[in-house]
Amino acid sequence: MRAATVAVSAAPLAATLLALALVAATGFDQRVALPPRIELAFYGFFLDRYPLFAFALVYALVRILAVAAGPGRAGPARRILGASVGVALVLALGLYPTFGGAVLRSAFATGGIAFLNQSPMWLAYALGAAAAAVSYGTALGLGVVLTNRPLRPKAGWGRALAAGTLRLALGFCALWFALGVLGLAREAGIGPWPRRALTIPEFGISAALLIQAFLPHSVLVTALSHTRTSNPLDRTTPLPLSRDSTGP
């Protein structure tokens, strides 16, 4: 497995933990003066209820940028354009019209409707996390595909569709698990951040939750990237000609 492949897969989680460390080290909280528009867009119900989703956005953004900078056959123009589209999708679905965007709103609506229809709390929560994973994963996945993934299969459309479906299902399950874990941050004891600064124990709990949430996805994309690059039908360099081959 190439070091570059591991670096691309590990960078998002590392950046997420670094962002959390910066928040804790600087004492950043809601009392820090920000432009009124930013305060109105960020501070509110969804940030108060699901604070670690802010770091899920960091994970998605860095994942797209890491893929854009990583190994692959895409040219510079496609990498820049694809990454720009992916970043815009993540920000739009995660922050518009305010923090949480369509991701957390779809989760809250789906889980709330399920609970009002007398579904058990655990089932309503799982359905809400699944709804969040759909929109979050759509933005992240499209950003990655548009940035630096082959657009034409090497081994036929049937095999490509089967492999793509499997990758999609595994990726969805990993993100479903991740968002489900992050949604339990308050219950896990991370404190009232961002209403006040993170304490050292709360920082430790938050870091543990982020690792628990996103490590499965990081391991998964590493394994899938290794499978893709080690597939002899998807080589980036031509195979050597045999001795019996004709040609110049």
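Under full-length UniProt numbering, the letters of the sequence shown match residues 1 to 248, in that order. Beta carbons: idealized from backbone N, C-alpha and C, even for Gly. Here the structure is a predicted model, which means the values were calculated and not measured.
Residue closest to residue i, alpha-carbon to alpha-carbon, out of the options
i, options, result
"Ala104", "Phe53, Leu215 and Ala162", "Checking the sequence shown, residue 104 turns out to be Leu, not Ala. Comparing Cα positions, the closest option is Phe53."
"Gly204", "Ala24, Ala213 and Val8", "Ala24"
"Phe172", "Asn148, Ser206, Ala131 and Ala124", "Ala131"
"Val144", "Pro36, Val85 and Ala162", "Val85"
"Val181", "Ala74, Pro201, Gly191 and Ile211", "Ile211"
"Ala109", "Pro97, Ala129, Ala83 and Leu95", "Ala129"
"residue 249", "Leu13, Leu34 and Arg73", "Residue 249 lies beyond the residue range present for the chain, which begins at 1 and ends at 248; the question has no answer from this structure."
"Ala77", "Thr147, Tyr96 and Trp193", "Thr147"
"Arg31", "Ala213, Arg195 and Leu209", "Arg195"
"Leu95", "Gly164, Ile200 and Ile38", "Ile38"
"Phe55", "Thr199, Gly183, Ile200 and Thr222", "Gly183"
Own chain residues within Cβ distance below 7 Å of residue i, not counting five before or after
i, result
"Ala4", "Gly70 and Pro71"
"Ala7", "none"
"Ala15", "Val58 and Val62"
"Leu17", "Ala207 and Leu210"
"Ala10", "Ser218"
Own chain residues within Cβ distance below 6 Å of residue i, not counting five before or after
i, result
"Phe46", "Phe99, Gly100 and Leu104"
"Ala139", "Leu89, Val90 and Leu93"
"Gly137", "Phe172 and Leu175"
"Ser106", "Ala131 and Ser135"
"Pro36", "none"
"Glu202", "Ile190 and Gly191"
"Trp193", "Pro51"
"Phe214", "Leu13, Tyr59 and Ala178"
Limits of the unbroken alpha helix (DSSP H) element including residue i
i, result
"Gly141", "Met121 to Asn148"
"Leu182", "Trp157 to Leu182"
"Arg79", "Pro76 to Leu95"
"Asp29", "No alpha helix (DSSP H) holds Asp29; DSSP gives it neither H nor E."
"Thr110", "Gly101 to Leu116"
"Pro51", "Premise fails: Pro51 is in no alpha helix (DSSP H) and is neither H nor E."
"Arg37", "Pro36 to Phe42"
"Arg196", "First-last for Arg196: undefined, no H or E at that position."
"Arg186", "Ala185 to Ala188"
Presumed contact (8 Å Cβ cut-off) between residue i and residue j, rounded CB distance
i, j, result
"Leu175", "Ala114", "Actually they do not touch by this definition, with Cβ atoms about 19 Å apart."
"Ala178", "His217", "6 Å"
"Gly111", "Leu127", "6 Å"
"Ala197", "Phe42", "In fact, because the Cβ distance is near 16 Å, the residues do not count as touching under 8 Å."
"Leu20", "Ala207", "6 Å"
"Ala188", "Pro51", "About 11 Å separates the two Cβ atoms, so there is no contact after all."
"Leu13", "Tyr59", "7 Å"
Neighbourhood of residue i by C-beta, 8 Å cutoff - its chain only, sequence neighbours within 5 removed
i, result
"Val87", "Leu61, Ile64, Leu65 and Gly143"
"Leu220", "Leu170, Gly171 and Ala174"
"Arg167", "Leu224"
Distance cut-off 7 Å: residue i Cβ against heavy atoms of the ligand GTP
i, result
"Ser84", "No copy of the ligand GTP appears in this structure; indeed no ligand is present at all."
Should the region 67-87 be called in touch with the region 115-127, which here means at least 3 C-beta pairs below 8 Å?
no
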